[in-house]
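*Asks:* Below is one structure. I have some questions about it.
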Amino acid sequence: MIEKALTGGRGYWIWIACTLSAIAAGAYCYVLQLNTGLGITGLSRDITWGFYIAQFTFLVGVAASAVMVVLPYYLHDFKVFGRIAILGEFLAIAAVSMCMLFIMVDLGQPGRAFNMILHPSPRSILFWDMIVLNGYLVLNVLISRASLNAERNGEAPPAWVKPLIILSIPWAISIHTVTAFIYSGLAARPFWMTAILAPRFLASAFSSGPALLILVCLFLRRVTRFDAGWEAIRKLAIIVTYAVLANIFFVLMEFFTAFYSAIPEHVEHFTYLYVGLDGHRELVPWMWLSAALVLVAAVLLVNPRLRDRQGLLTFACVAVVLSIWIEKGLGMIVTGFVPSPLGEVTGYAPTLPEFLITMGIYGIGALLITVFYKVTLSVRGQVKA
Amino acid sequence: MAIKRRDFCWLAGLSVVGAASGKVLSVGAEETSGSGSTLIGEPLLGKRWAMVVDLQACRKEEGCRDCIKACHATHNVPDLDDPDEEVKWIWKEKFHHAFPDQEHEYLRHDLRHEEILVFCNHCDNPPCTRVCPTQATWKRPDGIVMMDWHRCIGCRYCVAACPYGSRSFNWRDPRPFIDETRTDFPTRTRGVVEKCTFCDERLAQGRPPACVESCESKCLIFGDLEDADSAVREALRTRHAIRRKPGLGTQPEVYYLV
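From first to last, the protein sequence lines stand for chains A and B.
Mapped onto this note's numbering, the consecutive letters of the first sequence carry residue numbers 134 to 518.
Mapped onto this note's numbering, the consecutive letters of the second sequence carry residue numbers 354 to 611.
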């Protein structure tokens with residue numbers, strides 16, 4: 134079926150070339166990083182995880198959010214999502230693949246990664262994260278492959294797919310829960326050590342993921358003959374609305390606990406994020422931008438009349454994705470390290486190679502998505518001539 | 354003996370897996386240099402090693418760096434100028450950094466400006482070993498929190514988990530930054546985490562840790578907490594000692610006499 138991805142118009146090939154050049158630039162910088170060491174990044178003694186791990190965290194959310202399409206469709210027989218279920222699954226495959234690549238590029242000794250399997254360590258949350266992420270990838274590959282094959286042959290999917298689909302629903306929840314546990318079980322990092330981290334991750338995932346899917350559907354409607362249907366998009370928008378509100382609520386709860394208890398080591402991290410600490414204000418404008426975007430999006434989404442207007446919905450979805458990306462992809466990880474357990478306040482910004490490696494991985498994800506969607510739409514005969 | 358095609362495929366598959374894991378296992382083994390197995394005395398054996406830092410004695414030797422120099426020279430610790438990339442096993446830290454919950458506005462003047470010797474606490478309940486996904490760091494039965502630099506994949510989860518900042522990562526190849534490379538202790542490669550090991554290699558030779566030996570003012574007392582007659586127990590029996598961040602439940606085995 135892959136051959137269907139090898140035909141396309143001019144725009145298609147320009148886009149493929151863009152992703153390939155991003156991948157090439159990233160690969161070149163990764164070779165530099167392999168030769169120099171992680172010193173090539175902006176990371177340091179005090180801030181030991183940064184841009185890579187933050188993108189990993191954000192993308193686990195995107196991957197998990199496929200469940201918001203799969204669950205209503207398969208569990209509640211919500212037929213409207215029939216056309217987009219597989220798009221959600223493919224988005225999950227691309228996102229999980231990127232997650233694993235971000236972990237790999239963050240390793241100081243990637244050649245030894247197999248030590249995680251040779252010396253399994255069930256006490257480590259990273260061990261469990263490896264298991265749930267790989268399991269989720271395998272589940273989604275099996276499900277989407279079988280569904281697509283069945284669709285091509287005009288048959289019902291084989292019977293063994295249904296149990297896998299049911300399994301993939303709690304599994305999606307598990308990938309973001311386990312990812313939150315990586316952080317929330319560390320006594321050394323008060324910013325992350327909050328029981329609400331996993332629910333917060335899920336709320337932000339279920340807002341940014343479906344928002345991204347809405348944007349993808351609207352884009353596909355413009356450039357192909359695929360139409361998700363306005364009803365499906367409206368339902369997705371309602372899911373985004375509830376999840377956005379839940380996420381805002383959870384963040385406010387974090388504020389309350391930190392500032393009312395006034396325990397310095399909890400307050401300082403939020404101070405660093407929103408006001409700046411010891412002259413370090415790198416994240417301050419970003420965090421306020423994130424807050425503004427999510428509030429505007431919430432106002433637009435809560436009002437059904439505004440939400441139903443395609444232009445405003447598109448804007449709201451862009452705002453949600455951007456806001457959550459800032460929250461998780463910029464703020465969440467680095468702030469756990471500022472101030473350090475010894476009270477040091479250090480600045481951090483990704484370097485150019487670090488940024489290009491990140492773009493390279495996003496390039497791989499974009500390429501995967503493009504090929505998957507191209508094949509799917511070709512099978513359905515929905516590609517514009 | 355005839356061999357069926359299916360069996361052959363199985364055997365071939367298993368051999369590939371076997372060869373691959375053998376290859377993975379041998380990576381790093383070749384990097385190991387002999388860590389001085391010459392026995393100087395009977396090995397020092399303990400049930401729970403601990404260190405007591407006598408700050409009253411240490412305070413009198415302001416500016417002294419003997420223990421730090423001895424440790425870093427013994428263990429081929431690189432000397433990187435950049436504070437963002439430095440590797441350190443033992444160093445001096447401001448009082449309010451070492452003991453953030455002990456600081457107050459009217460703290461004794463000498464304490465406020467004092468630099469406190471810090472290193473791995475060899476916690477009885479170490480958060481770093483718990484999080485390691487490859488068991489490259491673990492607690493030995495005698496209480497030493499050990500590191501295997503050949504197994505470490507450099508994920509830095511242990512660095513995130515340590516509440517004392519005791520772990521250093523090699524952001525680049527450390528070897529060019531070692532003043533005088535000693536051949537009786539391994540050097541490290543880039544991309545792995547390292548820290549104080551209570552000189553396990555010296556204990557095995559019957560010698561005390563390098564920092565303890567180098568301190569002429571006897572500020573560092575090393576011994577077995579399970580031995581009621583040990584010097585560490587004697588010090589803790591007679592003088593007031595504090596530990597770093599006791600509230601986290603890590604049970605540090607480094608005690609400070611203030």
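We treat Cβ as the ideally placed atom computed from N, Cα and C, and that holds for glycine.
Small disclaimer: the values here were computed from a predicted structure and weren't measured.
Of all the CB atoms in chain A, is at least one closer than 7 Å to the CB of arginine 465 of chain B?
*Replies:* Sequence index remark: in the second sequence, residue 465 of chain B carries index 112 (1-based). It does not; no Cβ of chain A falls within 7 Å.
*Asks:* Going along the segment 385 to 400 of chain A in order, which residues come within less than 7 Å of chain B, judged by CB to CB distance?
*Replies:* none
*Asks:* Report all residues from its chain with a CB closer than 7 Å to the CB of valine 380 of chain B; omit the five preceding and five following residues, and keep chain order.
*Replies:* For this step, residue 380 of chain B is matched to residue 27 along the second sequence. Residue placement at valine 380 of chain B cannot be trusted, given a pLDDT of 45 that sits under 50; what the coordinates show is reported in the next sentence. If we look at valine 380 of chain B and ignore the five residues flanking it on each side, it has no Cβ neighbours.
*Asks:* Of all Cβ atoms in chain A, is any one closer than 7 Å to the Cβ of glutamate 456 of chain B?
*Replies:* Counted from its first residue, the second sequence places residue 456 of chain B at position 103. Output row for glutamate 456 of chain B: interface = no.
*Asks:* Kindly indicate the opening and closing residues of the alpha helix (DSSP H) around tyrosine 185 of chain A.
*Replies:* The count along the first sequence starts at 1 and reaches residue 185 of chain A at position 52. Residues 184 to 197.
*Asks:* With C-beta atoms as the reference, is cysteine 564 of chain B less than 7 Å away from isoleucine 469 of chain B?
*Replies:* Counting from 1 along the second sequence, the entry for residue 564 of chain B is found at position 211. Counting from 1 along the second sequence, the entry for residue 469 of chain B is found at position 116. No. Outside cutoff.
*Asks:* Checking 7 Å against the spacing of the C-beta atoms, do valine 546 of chain B and cysteine 505 of chain B come in under that value?
*Replies:* Walking along the second sequence from the start, residue 546 of chain B turns up at place 193. Walking along the second sequence from the start, residue 505 of chain B turns up at place 152. Yes.
*Asks:* Cutting at 8 Å between CB atoms, please list the residues of its own chain near glycine 215 of chain A, excluding the five before and the five after it.
*Replies:* The residue labelled residue 215 of chain A in the question sits at position 82 within the first sequence. So the qualifying residues of the chain are Tyr206.
*Asks:* Run down chain B in chain order and give the residues with a C-beta less than 7 Å from the C-beta of glutamine 242 of chain A.
*Replies:* Position 109 of the first sequence holds residue 242 of chain A. Cys505, Ile506, Gly507, Gly544 and Val545, listed in chain order.
*Asks:* Whose Cβ in chain B lies nearer than 9 Å to the Cβ of alanine 187 of chain A?
*Replies:* Residue numbering aside, residue 187 of chain A sits at position 54 when the first sequence is read from its first letter. Per Cβ cutoff of 9 Å: no residues; alanine 187 of chain A is ~13 Å from chain B at best.
*Asks:* Cβ of valine 484 of chain B less than 7 Å from any chain A Cβ?
*Replies:* Start at 1 with the first residue of the second sequence, and residue 484 of chain B comes out as number 131. Nearest CB-CB separation between valine 484 of chain B and chain A: below the 7 Å threshold.
*Asks:* Any idea what DSSP makes of histidine 449 of chain B, helix, strand or coil?
*Replies:* As a working note, residue 449 of chain B is residue 96 in the second sequence. Note: histidine 449 of chain B maps to helix in three-state DSSP.
*Asks:* Which ranges does the alpha helix (DSSP H) cover as unbroken runs of at least 4 residues, wholly within the segment 399 to 482 of chain B, from first to last along the chain?
*Replies:* 408 to 413, 419 to 427, 448 to 451 and 462 to 465
*Asks:* I'd like to check one pair, alanine 344 of chain A with valine 203 of chain A: are the Cβ atoms closer than 7 Å?
*Replies:* The residue you call residue 203 of chain A lines up with position 70 of the first sequence. The residue you call residue 344 of chain A lines up with position 211 of the first sequence. No.
*Asks:* Under 7 Å Cβ-Cβ, which residues of chain A neighbour arginine 525 of chain B?
*Replies:* Numbered from its first residue, the second sequence carries residue 525 of chain B at position 172. Neighbours of arginine 525 of chain B on chain A, chain order: Thr169, Gly170 and Gly172.
*Asks:* Of all the options A:Gly469, A:Ile347, A:Val504 and A:Thr503, which has the alpha carbon lying nearest to the alpha carbon of glycine 444 of chain A?
*Replies:* Position 311 of the first sequence, counting from 1, holds the residue named residue 444 of chain A. The residue with the shortest Cα to Cα distance from glycine 444 of chain A is A:Ile347.
*Asks:* Taking its Cβ as the centre, do 16 or more other Cβ atoms sit within 10 Å of phenylalanine 600 of chain B, making it buried, or is it exposed?
*Replies:* For this step, residue 600 of chain B is matched to residue 247 along the second sequence. The sequence shown places glycine at residue 600 of chain B, rather than the phenylalanine named in the question. Under this definition glycine 600 of chain B is an exposed residue.
*Asks:* For a contact defined as C-beta to C-beta under 7 Å, what are the partners of glycine 518 of chain B on chain A?
*Replies:* Against the second sequence, residue 518 of chain B aligns to sequence position 165. Within 7 Å of the CB of glycine 518 of chain B, the CB atoms of chain A belong to Ser473, Pro474 and Leu475, in sequence order along the chain.
*Asks:* Rounding to the nearest angstrom, what Cα-Cα distance links valine 238 of chain A and arginine 245 of chain A in this structure?
*Replies:* Here residue 238 of chain A is taken as the residue at index 105 of the first sequence, counted from 1. Here residue 245 of chain A is taken as the residue at index 112 of the first sequence, counted from 1. Valine 238 of chain A and arginine 245 of chain A: Cα-Cα distance of roughly 12 Å.
*Asks:* Consult DSSP for serine 521 of chain B and reduce its assignment to one of helix, strand or coil.
*Replies:* For the purposes of this step, residue 521 of chain B is taken as residue 168 along the second sequence, with counting starting at 1. Reduced to three states, the DSSP call for serine 521 of chain B is strand.
*Asks:* May I have the straight-line CA-CA distance separating valine 471 of chain B from threonine 468 of chain A, to the nearest angstrom?
*Replies:* Taking the first residue of the second sequence as 1, we reach residue 471 of chain B at position 118. Taking the first residue of the first sequence as 1, we reach residue 468 of chain A at position 335. Whole-angstrom Cα-Cα distance: 24 Å.
*Asks:* Between proline 561 of chain B and arginine 401 of chain B, what straight-line distance do the alpha-carbon atoms span, to the nearest angstrom?
*Replies:* Taking the second sequence and counting its residues from 1, the one referred to as residue 561 of chain B is at position 208. Taking the second sequence and counting its residues from 1, the one referred to as residue 401 of chain B is at position 48. Proline 561 of chain B and arginine 401 of chain B: Cα-Cα distance of roughly 14 Å.
*Asks:* Please list the segments of the beta strand (DSSP E) lying wholly inside the segment 540 to 586 of chain B, counting only runs of 3 or more residues, in order along the chain.
*Replies:* Every beta strand (DSSP E) of 3 residues or more that sits fully in the segment 540 to 586 of chain B is shown, in chain order, as 573 to 577.
*Asks:* Sort A:Gly241, A:Met201, A:Arg285 and A:Phe211 by Cα distance to alanine 225 of chain A and report the nearest one.
*Replies:* Taking the first residue of the first sequence as position 1, residue 225 of chain A is located at position 92. Of the candidates A:Gly241, A:Met201, A:Arg285 and A:Phe211, A:Met201 places its Cα closest to the Cα of alanine 225 of chain A.
*Asks:* Helix, strand or coil for histidine 503 of chain B? Go by DSSP, reduced to three states.
*Replies:* Counting from 1 along the second sequence, the entry for residue 503 of chain B is found at position 150. In the structure shown, the three-state DSSP call for histidine 503 of chain B is coil.
*Asks:* Would you check if there are 3 or more beta carbon pairs closer than 8 Å linking the segment 488 to 495 of chain A to the segment 162 to 181 of chain A?
*Replies:* yes
*Asks:* Measure the C-alpha to C-alpha separation of valine 265 of chain A and asparagine 429 of chain B and round it to an integer number of angstroms.
*Replies:* Along the first sequence, one-based indexing puts residue 265 of chain A at 132. Along the second sequence, one-based indexing puts residue 429 of chain B at 76. Those two C-alpha atoms are separated by around 39 Å.
*Asks:* For glutamine 488 of chain B, go through chain A and note every residue whose CB falls closer than 8 Å to its CB, in chain order.
*Replies:* Position 135 of the second sequence holds residue 488 of chain B. Correct list: His252 and Ser254.
*Asks:* Could you tell me whether the segment 444 to 457 of chain B touches the segment 172 to 185 of chain A, where touching means 3 or more Cβ pairs closer than 8 Å?
*Replies:* no
*Asks:* With distances taken Cα to Cα, identify the nearest neighbour of asparagine 248 of chain A among B:Cys549, B:Ser567 and B:Asp501.
*Replies:* Here residue 248 of chain A is taken as the residue at index 115 of the first sequence, counted from 1. Asparagine 248 of chain A has its Cα closest to that of B:Asp501, out of B:Cys549, B:Ser567 and B:Asp501.
*Asks:* If you follow the alpha helix (DSSP H) that leucine 428 of chain A is in, where does it begin and where does it stop?
*Replies:* Translated into the one-based positions of the first sequence, residue 428 of chain A becomes position 295. That run of the alpha helix (DSSP H) goes 417 to 435.
*Asks:* Mind listing the chain B neighbours of tryptophan 182 of chain A? Cutoff is C-beta to C-beta under 8 Å, in chain order.
*Replies:* For the purposes of this step, residue 182 of chain A is taken as the residue at position 49 of the first sequence. Arg509 and Ala513, listed in chain order.
*Asks:* Closer than 8 Å by beta-carbon distance: list the chain A residues that pair up with histidine 449 of chain B, in chain order.
*Replies:* In the second sequence, the residue the question calls residue 449 of chain B occupies position 96. The answer, in chain order, is Gly476.
*Asks:* Under 7 Å, do alanine 514 of chain B and leucine 319 of chain A count as touching if we go by C-beta distance?
*Replies:* Within the second sequence, numbered from 1, the residue matching residue 514 of chain B stands at position 161. Within the first sequence, numbered from 1, the residue matching residue 319 of chain A stands at position 186. Yes, Cβ-Cβ distance for alanine 514 of chain B and leucine 319 of chain A is below 7 Å.
*Asks:* Look up lysine 598 of chain B in the DSSP assignment and say whether it is helix, strand or coil.
*Replies:* Taking the second sequence and counting its residues from 1, the one referred to as residue 598 of chain B is at position 245. Of the three classes helix, strand and coil, the one that applies to lysine 598 of chain B here is coil, per DSSP.
*Asks:* Would you grab the beta carbon distance between threonine 108 of chain A and valine 471 of chain A for me? Rounded to a whole angstrom, and I think it's under 8 Å.
*Replies:* Outside the displayed span of chain A (134 to 518) sits residue 108 of chain A, for which this structure offers no information.
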